[in-house]
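Asks: In terms of my numbering, the sequence shown opens at residue 1411 and continues consecutively. Glycine residues also receive a C-beta, built at the ideal position from the N, C-alpha and C atoms. The structure presented is a predicted model; accordingly, all values stated were derived computationally and were not measured.
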Amino acid sequence: MTTAAITAKSKGKKQTAVKSNELQSVRETVESVVVAFILAFLFRAFVAEAFVIPTGSMAPTLMGAHKDVVCEYCGNQYQAGASEEFNSETGAFSNAVTIASTCAVCRGRNVYDLRGNANHDTFSGDRILVSKFDYVLSDPKRWDVLVFKYPDESRMNYIKRLIGLPGEQLQISGGDIYIKSDSDWQIARKPPGKIRAMRQVVSDTSFRAEALIDKGWPSLWQPWSGGEQNGRFAIEHSSDAWSAKLTASPSPEFIRYYHKVADSSTWRDAEAGRDIPEVNPYASQLITDFLSYNSSLTVPRSYIYVPGSSVFDENYNVHTASQMADGASSRGIASAKRNSGYHWVGDLISDFDVEILSESGTFIVDTIEFGVRFRASINVADGSVVLTCSGEEGAIEAFGGTSSVEGTCRLRGAGKYRVELANVDDQIVLWVNGKVAEFSKPTEFDSRTFRNGSQRRPHWSETDPLDAAPLAIGGQEIDLAVSRARVFRDIYYISIQGGSEYSDYNLFRESDIRAATPELSATAGRMSAIDMILEVYAHPEWWSETSLFDLRGDRNFQLDAGQYFPMGDNSSSSFDARAWRGGHFVDERYLLGKALLVFWPHTWNSPVPYTPNFARMGLIR
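Here it is, written out as structure tokens:
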């Protein structure tokens, strides 16, 4: 055999080997892709799956299609719903465009600049990861956020919070959840971590509306001393800063929270640079279940865009949008989403950034509901705490036959601290620097044993505003400075009575609400049922006379084995087990899994497009 023949034969073997290797590589790649798809399918089917939140029923915990707004007046960041812009069946654009919403902190109406501000675009819902394995190993727990198939339409996936468990008899009453145990109803209590995760903002001194303050709008926190207005607290309140400082006093000194909101006419005057009506700093109204997410105003799409396109109409700008929003009440052009917030919420959380300037003395925080005061008094020298309960009638034995319990916390000596006090679900929780204070006895109680029937209402007297100033911070023989004061509320679960609104009141029976409203003004004939309710809330002197709070209805539900009762965190705008026309439950076989984390919220459009929204990423609690 010649050398040439040997060389040709060798080349042929090499080419065959190369082709064989190439085929092997392609086959391995294909096999890897197939295996990856199989593993992904198995992972999706049995371990975890990604979902996109479609609606705002779980807001503000989870967002559907929404606006992410930084309030132009006070700087508070909040979210507002925009699901109405899309067809719930197809996902296509509907005939509605959201043009404005209201900040929960300052109640300023923010009109969107859809043409000029890229971050005023409508953002998609949160992308979340759902574990399908959790409920294989253990049963669902109350307060879990879970995904399930809607019983009446199994192709639709819903996400809600689990409220009722199999076999339970459940009651929604006064915004709380009760479970029947033997012959007694027991309130369902959230653990401390859930309280913090589910709370909703009411007020924050870090966000101040300059337009109001410059015209004389007072601080919502005012001095109170031994039953007298004014005291030794010095409050700085301006558009630039807020603080409250106390110099040591032999008697207790406080600042108390007087809730009030600027109405639309006050805002119009302030924005126009006109003087606003004088506001009594000690005037107050009840805290309600208002939620910015539900405050969106909408107009027909043709008012903003060229028909059949996403091109802006040549006449549209932020000024014309503002005029449209102004016409909401007078011309019916725009419409607010359900529920403007007219249920009184007594379950509150205070949150303070405070600097203790003394090595001794007593630091005090108060919370009041139904005229009952819970007071945590902390000995600064050693961190010991005494929690007491009292009412107009004197000491109340709320804690297992005693009116006080002792404990310890992390507040010891001079220094900077974050102090939180919650009265939620008939329990008191105190945090210092994020750590729950430990008490010698449970700080749970049953408020129905000392406030029942018609007494389950806000209380007020001429010598003490009680529920008209439900939160306080102060001290005795101590120097301190408060740099930030925040107020939060618990979720108010609406029992849904008659009428088109989600309401504890039967709004069809307007005559009953009218009869419960004392001293109606001359314009009362033109007041809606909701306006009359809010009028009562703003007159503490009426609270002992009115029967309004007795008109709130309850709802009972019975669950059998394998049945679960879910509700949304956005109670006034959640289509959940309360409202379903079939059974008021989800069968166990429809449960898909437990919501674990928000892994991809919306990105920001400016200043850099597609900037990840890291602040919204995290575990779902």
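Expressed to the nearest angstrom, what Euclidean distance is found between the alpha-carbon atoms of Val1540 and Leu2002?
Replies: Taking the sequence shown and counting its residues from 1, one reaches residue 1540 at position 130. Taking the sequence shown and counting its residues from 1, one reaches residue 2002 at position 592. Going by the C-alpha atoms only, they are around 8 Å apart.
Asks: With a cut-off of 8 Å on the beta carbons, I'd call Asp1979 and Arg1571 a contact; round off their distance for me.
Replies: On the sequence shown, residue 1979 is found 569 positions in, with the first residue counted as 1. On the sequence shown, residue 1571 is found 161 positions in, with the first residue counted as 1. Going by Cβ atoms, the distance from Asp1979 to Arg1571 rounds to 6 Å, so yes, they are a contact pair.
Asks: Given this structure, state the Cα-to-Cα distance separating Gly1500 from Pro1464, to the nearest angstrom.
Replies: Residue mapping note: residue 1500 aligns to position 90 of the sequence shown, counting from 1. Residue mapping note: residue 1464 aligns to position 54 of the sequence shown, counting from 1. The question names Gly, but residue 1500 is Thr in the sequence shown. Each residue's alpha carbon lies about 12 Å from the other.
Asks: Please name the residue in Asp1964, Ser1702, Met1977 and Ser1814 whose C-alpha comes closest to that of Cys1516.
Replies: Position 106 of the sequence shown, counted from the start, is the residue given in the question as residue 1516. Among Asp1964, Ser1702, Met1977 and Ser1814, the Cα nearest to that of Cys1516 is on Ser1702.
Asks: Would Met1566 be called buried (16 or more neighbouring beta carbons within 10 Å of its own) or exposed?
Replies: Locating residue 1566 in the sequence shown gives position 156, counting from the first residue. So Met1566 ends up on the exposed side.
Asks: When you compare each of Glu1929, Gly1963, Ala1458 and Trp2014 to Gly1584 by their alpha carbons, which one comes out closest?
Replies: Working through the sequence shown from its first residue, we reach residue 1584 at position 174. Measuring from the Cα of Gly1584, the nearest candidate turns out to be Gly1963.
Asks: With DSSP collapsed to three states, give me the class of His2012.
Replies: Taking the first residue of the sequence shown as position 1, residue 2012 is located at position 602. Residue state, collapsed to three classes: coil.
Asks: Near Phe1967, what residues of its chain come up, given a Cβ to Cβ distance below 7 Å and the 5 sequence neighbours on each side ignored?
Replies: Residue 1967 sits at position 557 when you count from the first residue of the sequence shown. Around Phe1967: Gly1574, Leu1580, Phe1975 and His1994.
Asks: Excluding the five sequence neighbours on either side, which residues of its own chain have a C-beta within less than 6 Å of the C-beta of Ser1629, listed in chain order?
Replies: Counting from 1 along the sequence shown, the entry for residue 1629 is found at position 219. Hits under 6 Å: Ile1645 and His1647.
Asks: Using the three-state DSSP reduction, which class does Gln1865 fall into: helix, strand or coil?
Replies: Taking the first residue of the sequence shown as 1, we reach residue 1865 at position 455. In the structure shown, Gln1865 sits in a helix (DSSP, three-state: H, G or I).
Asks: Can you find the residues in the same chain that come closer than 7 Å, C-beta to C-beta, to Asp1523, ignoring five residues on each side of it along the sequence?
Replies: As a position in the sequence shown, residue 1523 is number 113, starting the count at 1. Contacts found: His1530 and Val1728.
Asks: For Arg1741, does the three-state DSSP call read helix, strand or coil?
Replies: Working through the sequence shown from its first residue, we reach residue 1741 at position 331. Per-residue confidence for Arg1741 stands at a pLDDT of 38, beneath the threshold of 50, marking its modelled position as unreliable; the derived number appears in the next sentence. If DSSP states are grouped into helix, strand and coil, Arg1741 belongs with the helices.
Asks: List the endpoints of the continuous alpha helix (DSSP H) containing Gln1733.
Replies: Numbered from 1 along the sequence shown, position 323 holds the residue referred to as residue 1733. It spans Val1728 to Asp1736 - the alpha helix (DSSP H) in which Gln1733 sits, taken as one unbroken run.
Asks: How far does the beta strand (DSSP E) with Thr2021 in it extend, from its first residue to its last?
Replies: Position 611 of the sequence shown holds residue 2021. Careful: Thr2021 lies outside any beta strand (DSSP E) and carries neither H nor E.
Asks: Sort Gly1636, Lys1670, Lys1625 and Glu1663 by Cα distance to Phe1643 and report the nearest one.
Replies: Here residue 1643 corresponds to residue number 233 of the sequence shown, with the count starting at 1. Among Gly1636, Lys1670, Lys1625 and Glu1663, the Cα nearest to that of Phe1643 belongs to Glu1663.
Asks: So is Thr2021 buried or exposed if we call it buried at 16+ other beta carbons inside 10 Å?
Replies: Here residue 2021 refers to the residue found at position 611 when the sequence shown is read from its first residue. So Thr2021 ends up on the exposed side.
Asks: Would you say Ala1824 and Lys1655 are within 8 Å of each other, going by their C-beta atoms?
Replies: The residue labelled residue 1824 in the question sits at position 414 within the sequence shown. The residue labelled residue 1655 in the question sits at position 245 within the sequence shown. The answer is no: Cβ separation not under 8 Å.
Asks: Consult DSSP for Val1515 and reduce its assignment to one of helix, strand or coil.
Replies: Numbered from 1 along the sequence shown, position 105 holds the residue referred to as residue 1515. Coil.
Asks: Is Ala1932 buried or exposed, if buried means 16 or more other CB atoms sit within 10 Å of its CB?
Replies: Here residue 1932 refers to the residue found at position 522 when the sequence shown is read from its first residue. For Ala1932, the predicted model reports a pLDDT of 48, less than 50, meaning its position is unreliable and no value from the coordinates is stated.
Asks: Compute the beta-carbon to beta-carbon distance between Thr1772 and Glu1887, rounded to the nearest angstrom, for a pair I have assumed lies under 8 Å.
Replies: Stepping through the sequence shown from its first residue, residue 1772 is reached at position 362. Stepping through the sequence shown from its first residue, residue 1887 is reached at position 477. Their Cβ separation, rounded to whole angstroms, is 7 Å, which keeps Thr1772 and Glu1887 in contact under 8 Å.
Asks: So that I know if they touch, is there some Cβ in chain C lying closer than 8 Å to that of Lys1851?
Replies: The structure shown has no chain C; it contains just one protein chain.
Asks: So who's on the other strand from Pro1633, going by DSSP bridges?
Replies: To locate residue 1633, count along the sequence shown from 1; it is residue 223. Ile1665.
Asks: Please return the same chain residues whose Cβ sits closer than 7 Å to the Cβ of Thr2013, not counting the five positions on each side in sequence.
Replies: Along the sequence shown, one-based indexing puts residue 2013 at 603. Contacts found: Tyr2020, Thr2021, Pro2022 and Asn2023.
Asks: Can you check which of these residues, Lys1625, Lys1590 and Ser1981, is closest to His1753 by C-alpha distance?
Replies: On the sequence shown, residue 1753 is found 343 positions in, with the first residue counted as 1. Here the closest residue by C-alpha is Ser1981.
Asks: Between which two residues does the alpha helix (DSSP H) carrying Met1942 extend?
Replies: On the sequence shown, position 532 is the one that residue 1942 refers to. From DSSP, the alpha helix (DSSP H) with Met1942 extends over Ala1939 to Tyr1947.
Asks: Sorted by chain position, which residues of the same chain lie with C-beta nearer than 6 Å to Arg1741's C-beta, five sequence neighbours on each side aside?
Replies: Along the sequence shown, read from residue 1 onward, the residue named residue 1741 stands at position 331. A caution first: Arg1741 carries a pLDDT of 38, below 50, which makes its placement in the model too unreliable to give a value.
Asks: Output needed for Arg1965: all residues of its chain with C-beta closer than 6 Å, excluding positions within five of it in sequence on either side, in chain order.
Replies: Within the sequence shown, the letter at position 555 stands for residue 1965. Around Arg1965: Ile1582 and Ser1905.
Asks: Check this for me: beta carbons of Gln1837 and Arg1599, under 8 Å apart or not?
Replies: Within the sequence shown, the letter at position 427 stands for residue 1837. Within the sequence shown, the letter at position 189 stands for residue 1599. Yes, the pair counts as a contact, with Cβ atoms nearer than the cut-off.
Asks: When you compare only the Cα positions, how much space is there between Ser1745 and Met1734?
Replies: Along the sequence shown, one-based indexing puts residue 1745 at 335. Along the sequence shown, one-based indexing puts residue 1734 at 324. Only weak support is given to the placement of Ser1745: the predicted model assigns it a pLDDT of 43, under 50, and the value that follows is read from those uncertain coordinates. Taking the straight line from one Cα to the other gives about 11 Å.
Asks: Assuming contact is defined by CB atoms lying nearer than 8 Å, are Ala1492 and Ala1475 in contact in what I supplied?
Replies: As a working mapping, residue 1492 is identified with position 82 in the sequence shown. As a working mapping, residue 1475 is identified with position 65 in the sequence shown. Yes, these two residues count as a Cβ contact at 8 Å.
Asks: Can you check which of these residues, Ser1534, Met1468 and Gln1489, is closest to Trp2010 by C-alpha distance?
Replies: For the purposes of this step, residue 2010 is taken as residue 600 along the sequence shown, with counting starting at 1. When only C-alpha atoms are compared, the closest one is Ser1534.
Asks: Buried or exposed: which applies to Thr1698, given that a residue is buried once 16 or more other Cβ atoms fall within 10 Å of its Cβ?
Replies: Position 288 of the sequence shown, counting from 1, holds the residue named residue 1698. Its Cβ being crowded by 16 or more others within 10 Å, Thr1698 is buried.
Asks: Let me know the secondary structure DSSP gives Leu1449 once reduced to three states.
Replies: Counting from 1 along the sequence shown, the entry for residue 1449 is found at position 39. Here the model assigns Leu1449 a pLDDT of 48, short of 50, so the residue's position is not dependable, and the following value carries that caveat. Three-state DSSP puts Leu1449 in a helix.
Asks: Roughly how far, in whole angstroms, is the beta-carbon of Leu1386 from the beta-carbon of Arg1899, given that I think they are within contact range, below 8 Å?
Replies: Because the chain spans 1411 through 2031 in this model, residue 1386 falls outside it and cannot be assessed.
Asks: For the stretch 1540 to 1554 against the stretch 1597 to 1611, do three or more pairs of beta-carbon atoms, one drawn from each stretch, fall closer than 8 Å, so that the two count as touching?
Replies: Touching, per the Cβ criterion.
Asks: How is the alpha helix (DSSP H) around Ile1623 delimited, first residue to last?
Replies: The count along the sequence shown starts at 1 and reaches residue 1623 at position 213. Ile1623 -> alpha helix (DSSP H) spans Glu1620 to Ile1623.
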